[in-house]
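**Student:** To start, I am sharing the structure in question, which I have written as structure tokens.
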């Protein structure tokens with residue numbers, strides 16, 4: 051079973067920041083938080099991952115709370131192409147298969 | 023870097039038939055993973071290889087399913103005596119694992135199986 055809980059769906063206006071929350075209250079000390087997204091009819095796509103510090107790359111920012119029990123993925127300026135299902139996954143550093151568990155994710159709809 | 027390639031993209035078969043899917047990972051990637059995804063759900067892990075060795079199998083992988091990666095490059099997933107419940111998207115991913123924290127999986131577009 052997934053170790054994370056995410057809202058089923060969210061809407062965001064085009065051009066605004068999309069903030070996607072994830073709860074992982076049972077995360078272990080060595081487990082990383084990964085985010086992937088899946089656009090319709092495509093395979094999942096890696097976005098970002100982190101351990102305890104905030105992370106930023108060209109796609110998004112990841113904010114992890116100090117107690118590491120939750121995190122937020124931020125898409126700073128959402129576009130229509132960001133409409134997708136977003137998955138939050140917690141996993142140890144060498145993400146062996148059965149530890150890399152996708153839940154149902156959050157369906158983000160970016161609205162014009 | 024041409025990405026992970028899966029063939030065929032779509033497969034329709036009759037119940038009881040055998041099917042085989044192929045996955046070509048990103049060149050030089052030593053790990054290869056198979057997942058299954060049904061409508062409205064996230065991908066479910068089936069099995070993974072490191073080079074040619076199959077290191078882990080999910081309990082979802084019944085004895086009708088077999089996967090191989092004979093030379094540590096491409097992989098095949100075979101389903102024998104297909105059942106309607108096998109209808110799903112089968113996803114393949116690969117990664118370059120050299121230790122450390124980063125083991126990003128790159129996914130193919132999947133093979134959609136419909137069992138009639």
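Chains as they are written, first to last, in the numbering used here: chain C, 51 to 162; chain B, 23 to 138.
Glycine included, each C-beta is placed from N, C-alpha and C at the ideal position.
#1: Can you pull the chain C neighbours of residue 47 of chain B, defined as C-beta to C-beta under 9 Å?
#2: My parser needs the beta strand (DSSP E) runs of 3 or more residues fully inside the stretch 82-146 of chain C; what are they?
#3: For residue 120 of chain B, decide whether its Cβ has a neighbour in chain C, counting only Cβ atoms nearer than 8 Å.
#4: Following the continuous beta strand (DSSP E) through residue 56 of chain B, name the residue where it begins and the one where it ends.
#5: If you count every other CB in all the chains shown that lies within 10 Å of the CB of residue 49 of chain B, and 16 or more means buried, which is it?
#6: Note down the Cα distance separating residue 63 of chain C from residue 133 of chain C, rounded to an integer number of angstroms.
#7: The stretch 92-104 of chain C: which residues have C-beta closer than 8 Å to a C-beta of chain E, in chain order?
#8: Measuring straight from C-alpha to C-alpha, what distance separates residue 89 of chain C and residue 135 of chain C?
#9: Mind checking whether residue 81 of chain C and residue 141 of chain C have CB atoms under 8 Å apart?
#10: Three or more beta-carbon pairs under 8 Å between the stretch 85-92 of chain B and the stretch 66-81 of chain C, yes or no?
#11: Counting along the chain, where does the beta strand (DSSP E) carrying residue 136 of chain B start and finish?
#12: Should residue 112 of chain B and residue 98 of chain B be called a contact, given that it needs their Cβ atoms to be closer than 8 Å?
#13: Determine the closest residue to residue 137 of chain B out of B:104, B:122 and B:126, with distance taken between C-alpha atoms.
#14: For the stretch 147-162 of chain C, which residues have a beta carbon sitting closer than 9 Å to at least one beta carbon of chain B?
#15: Within the continuous beta strand (DSSP E) that includes residue 81 of chain B, where are the two ends?
#16: Use the C-beta contact count for residue 32 of chain B: other C-beta atoms within 10 angstroms, 16 or more gives buried, fewer gives exposed.
#17: Under 8 Å, Cβ to Cβ, is there at least one residue of chain B near residue 144 of chain C?
**Tutor:** Quick look at the numbers:
#1: The premise fails here: residue 47 of chain B is roughly 12 Å from chain C at the closest Cβ pair, so nothing lies under 9 Å.
#2: Listed in chain order, they are 82-88, 95-100, 111-114, 120-125 and 134-141.
#3: By the rule that beta-carbons nearer than 8 Å mark a contact, residue 120 of chain B does not touch chain C.
#4: Taken as a continuous stretch (DSSP letters only), the beta strand (DSSP E) holding residue 56 of chain B covers 53-59.
#5: Answer is exposed; the Cβ neighbour count stays below 16.
#6: Separation of residue 63 of chain C and residue 133 of chain C (C-alpha to C-alpha, rounded to the nearest whole angstrom) is 11 Å.
#7: Judged by its chain identifiers, the structure shown contains no chain E, and its protein chains are C and B.
#8: Whole-angstrom Cα-Cα distance: 7 Å.
#9: Taking 8 Å as the Cβ cut-off, residue 81 of chain C and residue 141 of chain C qualify as a contacting pair.
#10: Not touching, per the Cβ criterion.
#11: From DSSP, the beta strand (DSSP E) with residue 136 of chain B extends over 133-137.
#12: Not in contact: residue 112 of chain B and residue 98 of chain B (Cβ atoms no closer than 8 Å).
#13: Of the candidates B:104, B:122 and B:126, the one whose C-alpha sits nearest the C-alpha of residue 137 of chain B is B:104.
#14: Here the close residues are 147, 148, 149, 150, 151, 152, 153, 154 and 155.
#15: Neither: residue 81 of chain B is in no beta strand (DSSP E) and is coded neither H nor E.
#16: By the neighbour-count criterion, in which a residue is buried when 16 or more other Cβ atoms sit within 10 angstroms of its Cβ, residue 32 of chain B is exposed.
#17: In terms of beta-carbon proximity, residue 144 of chain C lines the interface with chain B, with at least one pair separated by less than 8 Å.
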